Structure formats: structure tokens, C-alpha cells
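Trainee: Questions regarding the structure given below will be posed in turn.
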Amino acid sequence: MLDLVRPIVAAALVFSSVAALPTFAPSAPASRPVPIVIWHGLGDRYDAPGLVSLKQDLEETPGLEGVFVHIVQLGDDGSSDQRATFFGSANEHVSRACAQLADLPDIVDPVLNPSAHFDALGFSQGGQLLRAVVERCGAIGKGVASPGARMRRLVTVGSQHMGISSLPPCPPDSGPLSPCKLMHLSLVRSGIYTPWAQHNVIPAQYYRDPKRIDEYLAGNDFLRDINNERVGDEQASEEEREGAVRDWRGEVEGRNATYKDNLASLDKLVLFRFSDDMTVVPPHSAHFTLPSPNDTSTCPLPPLPPDPGCYAAPLPWSELPLYKDDYVGLRTLDERRSVSKRVCEGVHMEIGRECWKAIRRVFVGGRGRDQGGAEEVWHREEEDAPKLVLQV
Ligand SMILES: *[C@@H]1O[C@H](CO)[C@@H](O)[C@H](O)[C@H]1NC(C)=O
Ligand SMILES: *[C@@H]1O[C@H](CO)[C@@H](O)[C@H](O)[C@H]1NC(C)=O
């Protein structure tokens, strides 16, 4: 999964053919394309060859010529950026990312970016971090001289919107002192829901075990917050529900209406999951749901290793409190047909050419060029088609 040599080779294979596609005669775009912000996944780094090749490919995509692409960077160099995917506070990372974007004239300067928008592409955990960016930061760089830039389309690929109930495994070649091994070790020592882990270990901050939901609701300040879940929610224990403070409508108090308005203001939310994901448990999280508790299939549940290709029936959104009661605007978006759920063939973060083309297409063209709605589109790959392998 995280082989270091293969990504480079694979990236070259995938994109040499993309680069060879004929480019259309330039019909001078009236304005620059909407900038794109990429946030990478766990264990990846802003300067990884795979990511850099994706950035270049976007810059050369017909319809996106001259696009400004920014890869979120949270360390001074590649290895500290990589460490920051494992360790630190997700809340702080999100504020730093918003500040970073606010410092980029290509995003916030109305002359350089007349669209006053940007698009976002989040790989794996970068997906929920970017969702936090749109929910919390709203118009980035808004000030007296600028209206600020708002996120227009958000594409997440193999992300964990409903959390994880098992930690992602380390790549087989991780040394004993690799950040991944250290992360696992630190969580064995401290426990996922301890304040220490909740402030220092990134995956703990989107760990959401449905069997220990009260601990999550009481101790988590990242995923719980951006999902607008509150103590007393429908999924909490009877006891917790009774203790909840409710407003005059009988709603659990404290959901942040700004998060909902901001997410619902997206023009598109596109959720990709991988068909054979064995890293994200449950893989349903990439489609912003959970496995249905009524599923009668025999897909192994954690802590058993997942079975590739065995995808337990997803909980329909109509049964998911977060959707039903529209905690974050997902339902508003969906009812406006602005949410798409897609599937890329393959294991976590192995992005085949067809998958990449489907991702890229979201950023090209105006509203309505994309299908919208909640239908799934499968992107079949040829057996041994080259794949770009990104970190989890
Ligand atoms: C809601 O979120 C916004 C943006 O992060 C924040 O400024 C505000 O204080 C939050 N409101 C509540 C009630 O938590
Ligand atoms: C599970 O089955 C029960 C009983 O048939 C039903 O009431 C409930 O709505 C189902 N839940 C889901 C999530 O499908």
C-alpha cells in the first residue's frame, strides 16, 4: 500500500499518457480557473512526487490552464509535514490551514482570483480536515479590501466523515521509530479518548467507535464538533440523552448553525470511496455513513481484518441522525442534488487513471456539467492498469 518506489514509477506511467492527450486550441478563458487546494492524507507530505504530479496534471488539464494549485503544508520540510499528519491537534491544523490560505494572494486577492472561490480536494483524512475548513472558516481572508474566498466544490477521496473504529495499519516497511509505529504505540499507552490523545494524535481525533459513543461525545473535540454531534444526540445512551440541554424546539443545544450554513453553501460535495478499501474501517465513512446494523452479510467487523470487496450494506442516510436532522447541512445539500457518491475501483488511495479523471472532472466546467444527485458511478479499471499510490 505505501511502497515508496512504486508511487513514483506509477505516477510517471499514469501521467505520461495523460500529458500526451491533445490539448484543445486555447479559447482564451475569460478569467482564471477557480484555484484548487489539496490536503493530503496520513503519512503523506506536501512534496511527495505523487502529489506534485497530480498538481502538475491539474495545471495542464484542458479547461484548467493556468489554475493555481496549493498543497496544504504544515511543516517546514517534507518530513515535519509528514509527522504533522500523525501528531498535533486537528483543530489547530485547521486554523493554520485557513491562515495559510488567507496569506495566498492567488486565493484571496480579488484581482488575481476574481471568482472569489476556491475548490478543494482532500485525500483520506485531508477530506474531513478540508470539510472543517469550509465549515469553520467560511470566507477566507475576508476583510475591508476583499470579500474573501469561499470554498466552491469539495471533493473527498477515501475520507473518514463518520470517523474510524479501528486505527489504520502501518505500512509493512515502517521502522519501529516511524511516526506510524509511534502513533500506534502512543495510543496503546494512553487510550484513544484521553485528553492527551485527543489533543496530540490526529487519527484519535476522528476515532468514533459506535460502541463507545458516549466516550466519543464527551471526549472528542474535532470530528464530533465538525459533525455537529452533541451529547444527548439520538445515538447517545438513554442516560446521556436525558441529561442533554435542549432549546425551545426540543433540539439538542449547541449545534453550530454557521457550520451548517457554510457546508450547505457548497456548490458540490463529491464523496469518493474505494471499492476494496481495507484501511478505512468502516469504509462507509468515505460516503458519510456507517454500516447498517441490520446488515445480514458476513462481512468481518473490527477487530477482524477487513475482507476486500465485502461491503456491508450502508446505513441509508434517512436512518442516520446526522442526515435526518441535518446537523451539518448534508441533507440540505443532498436535497438540492449537490452531493455525489462515487466509487473508485481498488484499495485505499491507489488511484487509477479512470478514478483520477473522474476526480479531475469535478473541477472543470461550470455548474451542471456534473451529474449531481446521489447516484454511484463505478470506474472500472483494467486489471493491471497503472495506479498512482498515495499515502493513507
Ligand atoms: C460556530 O463556529 C464559528 C466559526 O468557527 C465560531 O465563530 C462560533 O463561535 C461558533 N458558535 C458556537 C455557538 O459555537
Ligand atoms: C432495522 O430493522 C428494524 C426492525 O425491522 C427496523 O425498525 C429499523 O428501522 C432497521 N434499521 C435500519 C437502519 O435499517
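Residue numbers (mature numbering (1 follows the signal peptide of the UniProt record, and there is no 0)): -20 to -1, 1 to 372.
Cβ coordinates follow ideal geometry from the N, Cα and C atoms, glycine included.
In this text, all values refer to a predicted model and were calculated from it rather than measured experimentally.
Would you grab the beta carbon distance between Leu134 and Leu249 for me? Rounded to a whole angstrom, and I think it's under 8 Å.
Mentor: Their Cβ separation, rounded to whole angstroms, is 5 Å, which keeps Leu134 and Leu249 in contact under 8 Å.
Trainee: Who are the Cβ neighbours of Glu299 in its own chain at under 8 Å, not counting the five residues just before and after it?
Mentor: Closer than 8 Å at Cβ, skipping near neighbours: Ser272.
Trainee: Per the DSSP calculation, residue 396 is bridged to which residue(s)?
Mentor: The displayed coordinates of the chain run from -20 to 372. Any statement about residue 396 would go beyond what the structure contains.
Trainee: In whole angstroms, what is the alpha-carbon distance linking Glu45 and Glu39?
Mentor: Near 6 Å, if we compare the C-alpha coordinates of Glu39 and Glu45.
Trainee: Evaluate the contact criterion for the region 240 to 248 versus the region 180 to 196: three or more CB pairs, one atom per stretch, below 8 Å.
Mentor: The region 240 to 248, when compared against the region 180 to 196, does not touch it at the 8 Å Cβ threshold.
Trainee: Provide the residue(s) that pair with Val319 in DSSP beta bridges, ordered along the chain.
Mentor: Val319 is bridged to Leu249.
Trainee: Is Asp72 near ligand 1, going by C-beta to nearest heavy atom under 8 Å?
Mentor: First, the amino acid is wrong: residue 72 is Glu here, not Asp. No, Cβ of Glu72 sits at least 8 Å from all heavy atoms of ligand 1.
Trainee: What residues are listed by DSSP as bridge partners for Pro294?
Mentor: Per DSSP, Pro271.
Trainee: Return the first residue and the last residue of the alpha helix (DSSP H) that Glu72 is part of.
Mentor: Counting along the chain, the alpha helix (DSSP H) containing Glu72 begins and ends at Ala70 to Ala82.
Trainee: Going by alpha carbons, who is nearest to Gly121 out of Glu315, Ser265 and Leu84?
Mentor: The shortest C-alpha separation from Gly121 is found at Leu84.
Trainee: Since Ala129 sits in a beta bridge, which residues does DSSP pair it with?
Mentor: Note: Ala129 sits in a beta bridge opposite Ile120.
Trainee: Three-state secondary structure (DSSP) at Tyr186?
Mentor: Helix at Tyr186.
Trainee: Give me the residue from Ser60, Phe98 and Pro90 with the minimum Cα distance to Pro15.
Mentor: Residue Phe98 is the option with its Cα nearest to Pro15.
Trainee: Measuring alpha carbon to alpha carbon, tell me which of Ala293, His20 and Val323 ends up nearest Thr276.
Mentor: Selected option, being the one with the closest Cα: Ala293.
Trainee: Can you tell me which residues fall inside 5 Å of ligand 1, judged by beta-carbon distance to its nearest heavy atom, and keep chain order?
Mentor: Taking each Cβ in turn, the ones that pass are Arg116, Asn236 and Thr238.
Trainee: Taking all protein chains shown into account, decide if Cys290 is buried (16 or more other Cβ within 10 angstroms of its Cβ) or exposed.
Mentor: So Cys290 counts as exposed.
Trainee: Taking only the alpha-carbon atoms, compute the straight-line gap between Ser59 and Phe67 and give it to the nearest angstrom.
Mentor: Near 12 Å, if we compare the C-alpha coordinates of Phe67 and Ser59.
Trainee: Using only alpha-carbon positions, find the residue among Ser75, Ser154 and Arg192 that is nearest to Ile172.
Mentor: Comparing Cα-Cα distances from Ile172 to each of Ser75, Ser154 and Arg192, the minimum goes to Arg192.
Trainee: Do Met258 and Phe103 have their beta-carbon atoms positioned less than 9 Å apart in this structure?
Mentor: In this structure, Met258 does not lie closer than 9 Å to Phe103 by Cβ.
Trainee: Count the other CB atoms, across all protein chains shown, that sit within 10 Å of the CB of Trp19; report buried if there are 16 or more and exposed otherwise.
Mentor: Answer is buried; the Cβ neighbour count reaches 16.
Trainee: Among the residues of its own chain, which have a CB less than 7 Å from the CB of Lys337, if the five just before and after it don't count?
Mentor: Excluding sequence neighbours, Lys337 sits near nothing in its chain.
Trainee: Any beta carbon from chain C within less than 9 Å of Val124's own beta carbon?
Mentor: Reference to chain C is not applicable here, since this structure consists of a single protein chain.
Trainee: With DSSP as the reference, identify every bridge partner of Leu134, one or two as the case may be.
Mentor: In the DSSP output, where bridge partners are listed per residue, Leu134 has Ala100 and Leu249.
Trainee: Whose C-beta lies closer than 6 Å to the C-beta of Ala70 among residues of the same chain, with five residues either side of it excluded?
Mentor: Counting only Cβ-Cβ distances below 6 Å, and skipping sequence neighbours, we find Ile182, Gln185 and Phe202.
Trainee: Provide the residue(s) that pair with Val181 in DSSP beta bridges, ordered along the chain.
Mentor: Bridge partners of Val181: Phe67.
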